[in-house]
Amino acid sequence: IDATSLPVHAAFSQWNVRPGPVQALCLFEEDAGMTEWRHSTPLSRENARVDSVRRVALVIRTAATVGNYDYITDVRLRLDGSVDVSVTAGGYMSTVFWNGPVTDEEAPFGTVVHHHLLAQLHDHLAGFKVDIDVLGTRNTFQTQTVRVGTYEEALAAAVAPETLRGGTAGKLPERQRRRARATQRPQWHQAGPNIVKFVDTQRPGVEAGLRLNSSAPAVWQFLAGEDDLNEFGQRRGYAVSMSGGTTQQLLPEGHPLLGAAAWSKYHCAVTRHKDGEPQASATRLDGYHPETPAVSLDTFLDGEGTDNTDLVAWVSFGLQHLPRSEDIPVVTNMGAGFTVKPWNYFDGLPSRDVKEASHDRQCAPRPDATAPAAASSAQVAAAAGRRMLQNIASNLRNKLHRALNAASDTIRHKRRY
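Mapping of the sequence shown onto our numbering: position 266 corresponds to residue 266, and the numbering continues sequentially without gaps.
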């Protein structure tokens, strides 16, 4: 697909930014220079085989100039059904004139990056509203966290299968908890210390703000309806995960600036969808009185339920920028982002049957060679995923055509007069 640039005046008019010299949206196909998936089986020199597919994505890109920085926003539609969103910062730092050595009282707050030039410590934070509808608007929020504990704690933390399928928050009944505590550790686990790694599945049941924790990594899932199961009995869903070296707002709770920037307190906040909550901030107004903002994410988190209802994810990410001398005269582009990826939505890897896949020797039958005559649940799910991507592409195509027509009318009008 050849790269196409189009005017997007309407999009910029909604942002509190100063548009750059070119107001455009670019749509193009990107070759990542690596494989989407790959596996080699070196059985022998004669029978070695390699299977792979090239990683290609459809990219929607735009850039906004905010003061001294350009922020490049990319949305990538991937072959595996996931959507990557990233924001990359480029430009030059805001600096101050500096004459003389840096004192002990001044050193913690900036870096001398050039002769008579000091750059201050600062951050770059971005927030997105992600309206996730998985096979409809009756979705349920679920977290799965990797924890370390005793064998008994792992059993006590298990969620009953009927609870998972029913979509209500809850843990095992007390009778089953007592049984778990009384269960003797298996023989293979009695020799060493009583420490295991396990998955703790939770349904919060109410709106919540979530932060990354490297000591307890979690998957934040949005599940489809109770009857929308994959071939293996798992509720189909999509998950939100962070990518890149993302940070969060470091100001403490109660800081006056956090009133207007409540959206930056969490990596992901989950709320019910409401038409009256289109965005999590009102930048033009809140800059004057940040402690009493006109719009705040804190007011969205009002304890409403998150089971079998229409949900929204408010995703925040960014970087802490500690200046260095290599950031002069301009910084090397840097960024972070997040991914919305299928989670038990398909019955297998959707990009397995890409026509351009490289098969030096077949390591497994192609899906089309073994598919039954009747449509399986995997085919139904794959078709639903394809329809979703086709709808996205169709909507983008229509908007691009309208933008092109508007630009052509403007050009003809200017030439006429």
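C-beta atoms are modelled at their ideal positions from N, C-alpha and C, and glycine is treated no differently.
T292 classed as buried or exposed, judged by whether at least 16 other C-beta atoms fall within 10 angstroms: Residue environment analysis places T292 among the exposed positions, since fewer than 16 neighbouring C-beta atoms fall within 10 angstroms of its C-beta.
V330, buried or exposed, once every other Cβ within 10 Å from all chains shown has been counted against 16: exposed
Beta-bridge pairing of W420 - partner residues as DSSP gives them: With the chain represented from 1 up to 417, any question about residue 420 goes unanswered, as that position is not in the structure.
Nearest candidate by alpha-carbon position, reference L223, set N139, G149, G90 and D275: N139
Nearest to G245 (by Cα), restricted to the options R236, T35 and F338: For G245, the nearest C-alpha among the options comes from F338.
Extent of the continuous alpha helix (DSSP H) run through E29: Premise fails: E29 lies in the beta strand (DSSP E), A24 to T41, not in any alpha helix (DSSP H).
Where the alpha helix (DSSP H) through A156 begins and ends: Y151 to A156 is the span of the alpha helix (DSSP H), which, as asked, contains A156.
Cα-Cα separation between D131 and W188, rounded to whole angstroms: 46 Å
Three-pair Cβ contact test at 8 Å for the stretch 193-205 versus the stretch 115-128: no
Assigned secondary structure, H189 (DSSP; H/G/I helix, E/B strand, else coil): H189 falls in the helix class under three-state DSSP.
Which of helix, strand or coil DSSP assigns to P256: helix
F317, enclosing beta strand (DSSP E) - first and last residue: L311 to H321
In DSSP terms, what V56 is bridged to: Beta-bridge pairing links V56 to D31.
Beta-carbon spacing of V87, T73 below 8 Å: yes
Own chain partners of V295 with C-beta closer than 6 Å, once the 5 adjacent residues on each side are dropped: Sequence-distant Cβ neighbours of V295 in its own chain, meaning closer than 6 Å and more than five residues away, are S281 and A282.
Segments assigned beta strand (DSSP E), at least 3 residues, entirely inside the stretch 256-296: Taking only runs of at least 3 residues, the beta strand (DSSP E) segments lying wholly in the stretch 256-296 are 268-272.
CA nearest to the CA of V340, picked from N308, G287 and G237: G237
Distance CB(V146)-CB(A216) smaller than 8 Å: yes
8 Å Cβ cutoff met for Q144 and Q221: Yes, these two residues count as a Cβ contact at 8 Å.
Check whether T62 and L25 have beta carbons under 8 Å apart: yes
For F198, the three-state DSSP class (helix, strand or coil): strand
DSSP state of S86 mapped onto helix, strand, coil: strand
Element boundaries [beta strand (DSSP E), containing I72]: Following the DSSP letters along the chain, one finds I72 inside the beta strand (DSSP E) bounded by residues Y69 to R78.
Alpha-carbon spacing of F317 relative to A262, whole angstroms: 13 Å
Segment contact, 8 Å Cβ cut-off, at least three pairs: the stretch 226-233 with the stretch 253-269: No, because fewer than three Cβ pairs between the stretch 226-233 and the stretch 253-269 fall closer than 8 Å, the two stretches do not touch.
Sequence-distant residues of its chain with Cβ nearer than 8 Å to N398 (five each side left out): Same-chain partners within the cutoff: there are none.
Residue environment, G254, which counts as buried when at least 16 other CB atoms sit within 10 Å: exposed
Cα-Cα separation between T309 and A208, rounded to whole angstroms: 15 Å
A156 versus A218 - alpha carbon distance: 18 Å
Own chain partners of R38 with C-beta closer than 6 Å, once the 5 adjacent residues on each side are dropped: S52
Bridge partner(s) assigned by DSSP for K355: Residue pairing from DSSP leaves K355 without any beta-bridge partner.
Close-in-space but distant-in-sequence residues of the same chain around I392 (CB under 8 Å, 5 per side omitted): L77
Check whether T95 and A119 have beta carbons under 8 Å apart: yes
Three-state secondary structure assigned by DSSP to R402: If DSSP states are grouped into helix, strand and coil, R402 belongs with the helices.
Sequence-distant residues of the same chain with beta carbon closer than 8 Å to L322, five excluded per side: Cβ neighbours of L322 beyond the five flanking positions: T111 and L121.
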